[in-house]
Each structure stands twice: as C-alpha cells, then as structure tokens.
Amino acid sequence: MGTISPQQVIYLSPTDGIHDQRWIQALKSLGYAVTTEISPATPPRVPLVVGPLTDMDRGLLNRANPVIGLSWGFDLHQLAEAGDTAWLAHLDGIIVDSEPTRLIARESGIPESGITVIPWGIDLDTFFSTSSRDMHSPVRLVTLRAHEDLYQVDVILRAVALLQESGQSCQLQVGNTGNLSDNLKNLADELQLKHCQFIGRVDEMSLPQFLSESDIYLSAATTDGTSVTLLQAMAMSVPVVVSNSPGNVALLDGPAGPLGRTFETGNANSLVQEIIACLSHPEQTLDMTERARIHVQESANWSKNVLRLQTLLETVQQESS
1475 MGTISPQQVI YLSPTDGIHD QRWIQALKSL GYAVTTEISP ATPPRVPLVV GPLTDMDRGL
1535 LNRANPVIGL SWGFDLHQLA EAGDTAWLAH LDGIIVDSEP TRLIARESGI PESGITVIPW
1595 GIDLDTFFST SSRDMHSPVR LVTLRAHEDL YQVDVILRAV ALLQESGQSC QLQVGNTGNL
1655 SDNLKNLADE LQLKHCQFIG RVDEMSLPQF LSESDIYLSA ATTDGTSVTL LQAMAMSVPV
1715 VVSNSPGNVA LLDGPAGPLG RTFETGNANS LVQEIIACLS HPEQTLDMTE RARIHVQESA
1775 NWSKNVLRLQ TLLETVQQES S
C-alpha cells in the first residue's frame, strides 16, 4: 500500500518571525503539509491561514479557497479603531487569542461558530519556575518587544530616565531590534541613561536563563493581544508591569486577583509609579507573581491549546466541499 499524502495548508504572512514559525510548526505537528505561497494552480479546497489581518490581501476572499483569518491580537484592535471590520464577516473562520479580540470578531458579524479561540501559549517544559526570587540591586528591568511604533519602547526609556533621576538604582536591558533601533539608541544617549544595554534578539534557548536573572518585565505596547514574551516572563516568576491595553488588562485580570501591574499607555510617569509600587510592596508583588505563574501553567500550554486548530481546519474543509 502507498502512503497517504498529508493534507495541505497554505500559511500566508508578510513576515517570517518567531510567531510565524510557531504557527507553521503547529500546523505541521497536526500532520499538515504547510507551504507559504499561493498560485493559480492551488487546489480550491486547500485552506489559507492568513495573518496578521491588517496586512491581509483581501483579494484572497474572491478565491474558491476557504480563508481562515489568524489574528495577531493588535490587528483586530487596530481594525476596530479604524472602523474597518465589516469585511471580516466574509472569512470562512477566524482564530483569536483572547476575549477582547473574540468580541471584536463577533461584533464584526462573524458568527460564534466561525470563531475559534486559541490562547497563545508557551512551552511549559522550557519556561518553568517553582518560586519567585529577591530583587537584585540595582534592580534589573527588561523589555523584549520589537523596536516599532506599536511597542513604544521610547516610553520605557523615558520612564527609566525618570527613575534614575529620582535616585532609584536600576539598569535596563533592551532586547529585540526593529526599524526604530537607531532612534532608540540615540534617545538613550540624549537621556543619559546609565546601565542601559541594547542586547538585540535573545534566542529561545537562552531566554529562560535570561528571564530568571531579570527582576521586572516591561511592555509599553499601544495595542496587544497575548504577548508570548509576557507569558514567558510570568511563567519564570518575573513580576510584570505593562501598558493597560485591552489585551493586557484581560490577561492580567486573574480570578483570585491581579497577575501584574498595568500603567496608562504612553505615559512614562504612570509607568514609573507602577515600577515603584512593584518595588515598594514586595509581598503584594510576590502574590501577583505567584498567581501569574500558576495561571500560565494552567491556561497557556501551547501544545495543548493549538490542538483546537485541527477541529477548525476540518470544519472549514467540510463546509467548502
């Protein structure tokens, strides 16, 4: 008997970053043959998984192929803010990561049956901690978001400058890269930041050790879905202080109490206040960090959450046949 060829899925994205690789690997783990290009010869039953939705070629909706929108979190928030969501109802299905993005999809006219909630998760065998740790002196702050307008890394730099001016001993490690890297380095010089290092991308293998040596994880994104590095920090028992975007607020609103601190988006002074609160109330910070660690272990298991892809793809293919 000959072997049965795996079913095909086409994954379309303008980027080739870690998020793309995670989704491609997830599809492959479910037994699908994954390609990243489409042509006129592509069979009509082959589903297209496309994201982020802000960059999607809407001409794909005119093809015979079923189209599954893959939300990256921020994209649905941006589309909603622009009042540009009516077209989403023409998707054959949509993957969202959280309750705020599910609501946007529902309000756009997508029926509940077409919405699949797959919370972004992490490898809990790699990112795992059993307890919190004492803060270092000087306190070690870290940000790992891309150097793009969306993530407002400049707000973090300004907040650290204010902290240092106030006499708070701290150091900042700025991970990742992007179009604004040179601008951010120039800003750090202008602010005369002390102990500020731009360390570039931290590979996944080194990230657990890196986070275990950090004291507070920071993110200033204007809009966000579920940040993977935020989940990784929470799993490693690192206290988190992040912007109060809807995705972050929803994630950190734990059933037994907050899982971290949020500050007013774009406001460096508000970020300073929350960092100081994190340092000034160690028992409260410890409680939040412990709840966060348990929450991630219980709900952010990527290998388990991604199994929901199988049901979605099977349903879409059956409906298109």
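Residue numbers 1475 to 1795, in our numbering, belong to the letters of the sequence shown in order. Every residue gets a Cβ at the ideal spot worked out from N, C-alpha and C, and that includes glycine.
Below 8 Å on the Cβ atoms is my guess for G1731 versus G1699; work out the distance and round it to an integer in Å.
No, G1731 and G1699 are not in contact; Cβ-Cβ is about 23 Å, not under 8 Å.
Provide the residue span of the beta strand (DSSP E) that contains S1717, from first to last.
Element bounds for S1717: 1714-1717.
Sort out for me which residues DSSP pairs G1674 with in a bridge.
By DSSP's assignment, G1674 forms a beta bridge with G1649.
Beta-carbon spacing of A1695, R1767 below 9 Å
If you check the CB distance, A1695 and R1767 do not come in under 9 Å.
Which residue wins for smallest C-alpha separation from G1525, given the options P1518, L1534, P1517?
Among P1518, L1534, P1517, the Cα nearest to that of G1525 is on L1534.
Alpha carbon to alpha carbon, how far is H1564 from S1487? Give it in angstroms, no decimals.
Rounded to whole angstroms, the separation of the alpha carbons of H1564 and S1487 is 19 Å.
Looking at the strands, I want to know which residues DSSP matches up with F1737.
In DSSP, F1737 forms a bridge with S1717.
Would you decide whether L1550 is buried or exposed? Buried here means 16 or more other CB atoms lie within 10 Å of its CB.
Under this definition L1550 is a buried residue.
By the 10 Å Cβ neighbour count, where 16 or more other Cβ atoms means buried, how is T1477 classified, buried or exposed?
With a pLDDT of only 38 at T1477, under the threshold of 50, the placement of this residue in the model should not be trusted; the figure read from the coordinates follows. If you draw a 10 Å sphere on the C-beta of T1477, you find fewer than 16 other C-beta atoms in it, and that means exposed.
Could you tell me which of R1519, G1557, A1707, N1660 sits nearest to T1528, measuring between CA atoms?
It is G1557 whose Cα lies nearest to the Cα of T1528.
When you compare only the Cα positions, how much space is there between D1494 and W1594?
Straight-line measurement puts the Cα of W1594 at about 12 Å from the Cα of D1494.
Since T1590 is in the alpha helix (DSSP H), which residue starts that stretch and which ends it?
Segment 1589-1591 is the beta strand (DSSP E) holding T1590; no alpha helix (DSSP H) there.
Please determine, among S1545, L1544, S1719, L1522, the residue with the shortest C-alpha to C-alpha distance to N1536.
It is L1522.
Would you identify the three-state DSSP class for P1540, choosing helix, strand or coil?
Reduced to three states, the DSSP call for P1540 is coil.
Does the pairing of the region 1563-1583 with the region 1644-1664 give three or more beta-carbon distances under 8 Å?
Judged by Cβ distances under 8 Å, the region 1563-1583 makes no contact with the region 1644-1664, as fewer than three pairs qualify.
The region 1632-1641 in contact with the region 1595-1607 per 3-pair CB rule at 8 Å
Here the region 1632-1641 does not lie against the region 1595-1607, with fewer than 3 beta-carbon pairs under 8 Å apart.
Residues sharing a beta bridge with A1507, DSSP:
According to DSSP, A1507 bridges with Q1482.
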